[in-house]
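*Asks:*
Number of protein chains: 2
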Amino acid sequence: MTASEKSTDRPLRADAERNKQRLIAAAQEVYAERGVEVTLDDIARHAGVGIGTAYRRFADHAELIDAAFESEVRQMIALAEAALTHQDPWEGVVQLLLTTGEHVARNRGLREVLVNRRLGRDRVAAAREQLTPAVNAVFTRAQQAGHLRDDLEVTDFPFIQMMIGATAEHSRDVAPELWRRYLTVLLDGLRPARNSPTPLAHRALDPQEFDQTMV
Amino acid sequence: MTASEKSTDRPLRADAERNKQRLIAAAQEVYAERGVEVTLDDIARHAGVGIGTAYRRFADHAELIDAAFESEVRQMIALAEAALTHQDPWEGVVQLLLTTGEHVARNRGLREVLVNRRLGRDRVAAAREQLTPAVNAVFTRAQQAGHLRDDLEVTDFPFIQMMIGATAEHSRDVAPELWRRYLTVLLDGLRPARNSPTPLAHRALDPQEFDQTMV
DNA sequence: GGATAACTGGAGAATTATCTCCAGTTATGG
DNA sequence: CCATAACTGGAGATAATTCTCCAGTTATCC
Chain E
155 MTASEKSTDR
165 PLRADAERNK
175 QRLIAAAQEV
185 YAERGVEVTL
195 DDIARHAGVG
205 IGTAYRRFAD
215 HAELIDAAFE
225 SEVRQMIALA
235 EAALTHQDPW
245 EGVVQLLLTT
255 GEHVARNRGL
265 REVLVNRRLG
275 RDRVAAAREQ
285 LTPAVNAVFT
295 RAQQAGHLRD
305 DLEVTDFPFI
315 QMMIGATAEH
325 SRDVAPELWR
335 RYLTVLLDGL
345 RPARNSPTPL
355 AHRALDPQEF
365 DQTMV
Chain U
155 MTASEKSTDR
165 PLRADAERNK
175 QRLIAAAQEV
185 YAERGVEVTL
195 DDIARHAGVG
205 IGTAYRRFAD
215 HAELIDAAFE
225 SEVRQMIALA
235 EAALTHQDPW
245 EGVVQLLLTT
255 GEHVARNRGL
265 REVLVNRRLG
275 RDRVAAAREQ
285 LTPAVNAVFT
295 RAQQAGHLRD
305 DLEVTDFPFI
315 QMMIGATAEH
325 SRDVAPELWR
335 RYLTVLLDGL
345 RPARNSPTPL
355 AHRALDPQEF
365 DQTMV
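Heads up: the sequence lines are chains E and U, in that order.
Just so you know, we're using my numbering here: the first sequence kicks off at 155 and counts up by one.
Just so you know, we're using my numbering here: the second sequence kicks off at 155 and counts up by one.
(1) When the Cα of P327 of chain E is compared with those of E:A186, E:A180, E:R176, which residue comes out closest?
(2) Relative to the alpha-carbon of T286 of chain U, which residue among U:V269, U:E363, U:A213, U:A296 has its alpha-carbon at the smallest distance?
(3) According to DSSP, simplified to helix, strand and coil, what is R295 of chain U?
(4) Can you pull out the residues from the segment 297-320 of chain U whose beta carbon lies closer than 7 Å to at least one beta carbon of chain E?
(5) Given this structure, state the Cα-to-Cα distance separating A208 of chain E from R262 of chain E, to the nearest angstrom.
(6) To be precise: take each residue of the segment 335-347 of chain E, compare its Cβ to all Cβ atoms of chain U, and keep it if any distance is under 9 Å. Which residues remain?
(7) Any beta carbon from chain U within less than 9 Å of D349 of chain E's own beta carbon?
(8) Among the residues of its own chain, which have a CB less than 6 Å from the CB of V258 of chain U, if the five just before and after it don't count?
(9) Output needed for Q182 of chain E: all residues of its chain with C-beta closer than 6 Å, excluding positions within five of it in sequence on either side, in chain order.
(10) Helix, strand or coil for R275 of chain E per DSSP?
(11) Could you pull the DSSP bridge partners for R152 of chain U from this structure?
(12) Buried or exposed: P353 of chain U, going by 16 or more other Cβ atoms within 10 Å of its Cβ?
(13) Three or more C-beta pairs under 8 Å: does that hold for the segment 289-309 of chain E against the segment 352-366 of chain U?
(14) So, with DSSP's three-state summary, where would you put H200 of chain E?
(15) In chain order, what residues of the same chain have a beta carbon less than 7 Å from the beta carbon of D196 of chain U, not counting five sequence neighbours either side?
(16) Determine, using beta carbons only, whether H257 of chain U comes closer than 9 Å to chain E.
(17) Closer than 8 Å, Cβ to Cβ, to anything on chain U: give me those residues from the segment 222-244 of chain E, in chain order.
(18) Determine, for H200 of chain U, whether the minimum Cβ-Cβ distance to residues of chain E falls below 9 Å.
(19) Measure from the C-beta of H324 of chain E to each C-beta in chain U and report whether the shortest distance is under 9 Å.
(20) Along the chain, where does the alpha helix (DSSP H) containing M316 of chain E start, and where does it finish?
(21) Kindly give me the distance between the Cβ atoms of L344 of chain U and V339 of chain E, rounded to whole angstroms, as I take these residues to be in contact under 8 Å.
(22) Taking the alpha helix (DSSP H) that N173 of chain E falls in, what are its first and last residues?
(23) From F293 of chain E to G189 of chain E, what does the alpha carbon distance come to, in whole angstroms?
(24) Along the chain, where does the alpha helix (DSSP H) containing G246 of chain E start, and where does it finish?
(25) For P361 of chain U, which residues in chain E fall below 8 Å Cβ to Cβ?
(26) Run through DSSP, which three-state label would T338 of chain E get?
(27) Taking C-beta to C-beta, are A296 of chain E and P243 of chain E nearer than 9 Å?
(28) For chain E, is any of its Cβ atoms less than 9 Å away from the one on P353 of chain U?
(29) Chain E beta carbons: is any one of them nearer than 9 Å to that of N270 of chain U?
(30) Does Q298 of chain U pass the burial test, meaning 16 or more other C-beta atoms within 10 Å, or should it be called exposed?
(31) Where do the ends of the alpha helix (DSSP H) carrying V192 of chain U lie?
(32) Using a Cβ cut-off of 9 Å (strictly closer), state whether A216 of chain U contacts chain E.
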């Protein structure tokens, strides 16, 4: 009955609760840096507890991912809701894509969790499902205001975010902010019309830097 | 000395050469469908030969990838060169991104090989290096003709292709042509200016289809 | 068509990751 | 401060994958 205590059972003994929190914190750090495909051994070591302790608290890897990312995904929802309150609907879209980019560029595991349904469990799944309508609201508002091309539909928005995420993923180690450049290009493609290119938000890689990409 | 015969040594015995070609053909099929992270056992079985035979011909997985993708990457070079001969420089860019998209959408392994330096060996590496200048030529010509925003630099072009590849990857199983839609948006972001959105090249997913994405 | 070098294929060694088990230790409540 | 239920941590069972080895088979050359 490893990790089924949920909320119904008695609370954990103090030392157990402490170790559990350490594991979650360690998992968040390690996932952010190296993605979710790390071993539980690595996380346990990073948390300073034994492997057995990790498996006593979390039935398997998926359950730890669930615990580690629920709050991260909820943060993404909060970002979308904040973007919706932006006075200018278009700037709301820009802000949403910027803050999303900032998060996934810094957190490799988060990007994986957002994009892959098989990761995590019910808590992450629930958060992920709330994220979609929050994001849709931001885009739809801009579209109704005429600031966003109107041939787009709600199912397109996650793919827009995915494109940014892909550039962030590949440039992470060489130029962690490079994705901002491609976000600008994308945004220029999302507008109904425009007269000139929006100034790019980050310099291009030089050829040498580029060579270091994709390793 | 498993697979070091290269070109210098004597030719393989007829049956060995036949098995080698079978292995390469099987690898191309399996990689295209399931990516390069399949086991050599799977490929051997698919080719109808024993595992031992596979390892006698190819020192390791990387060497088989090298043999299987050299021609695929060379095809990509040919596509870029063909796009360069297009009368209209901008249509050359469009054609390049379209044909590239078609290839990577149909071949999961190809996308992985193009994007990840660690895959393959010297033959794929050499082809990959020739691909970059060929792609650059197509973009640079359009840029000099004033059809492409001129704040882009050559190191940006692979990232443009990467964004298309990311959308192709994620929608492959549900709507293998969906990437065309996002290519249109991206192209609209690449132009120096425009008055209205280019008509999208593919319908959007409906919410139900979207749910099937990302599994 | 026989001698032999080359090749075949699968059993299993080596490696790596996931997860279980339990002897020993520790927090807690009476 | 003691009894004991709860927890700890790591040794190892299990499983998946990569790669090696060699007894048996087959193509080729004379």
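Where is the CB? At the ideal position from N, CA and C, for every residue including glycine.
All values reported here derive from a predicted model rather than from experimental measurement.
*Replies:* Working from what's here:
(1) As written in the sequence, residue 327 of chain E is Asp, which differs from the Pro given in the question. For D327 of chain E, the nearest C-alpha among the options comes from E:A186.
(2) U:V269
(3) helix
(4) R303, D305, E307, T309, D310, F313, M316, M317, A320
(5) 22 Å
(6) R335, Y336, T338, V339, L340, L341, D342, G343, L344, R345, P346, A347
(7) Checking the sequence shown, residue 349 of chain E turns out to be Asn, not Asp. So yes, N349 of chain E belongs to the interface.
(8) L264, R265, G319, A322
(9) A222
(10) coil
(11) This structure leaves residue 152 of chain U out entirely; chain U is present only between 155 and 369.
(12) exposed
(13) yes
(14) helix
(15) V184
(16) no
(17) none
(18) no
(19) yes
(20) 311-325
(21) 7 Å
(22) 168-188
(23) 29 Å
(24) 243-260
(25) V308, T309
(26) helix
(27) yes
(28) yes
(29) yes
(30) exposed
(31) No alpha helix (DSSP H) contains V192 of chain U, which DSSP labels as neither H nor E.
(32) no
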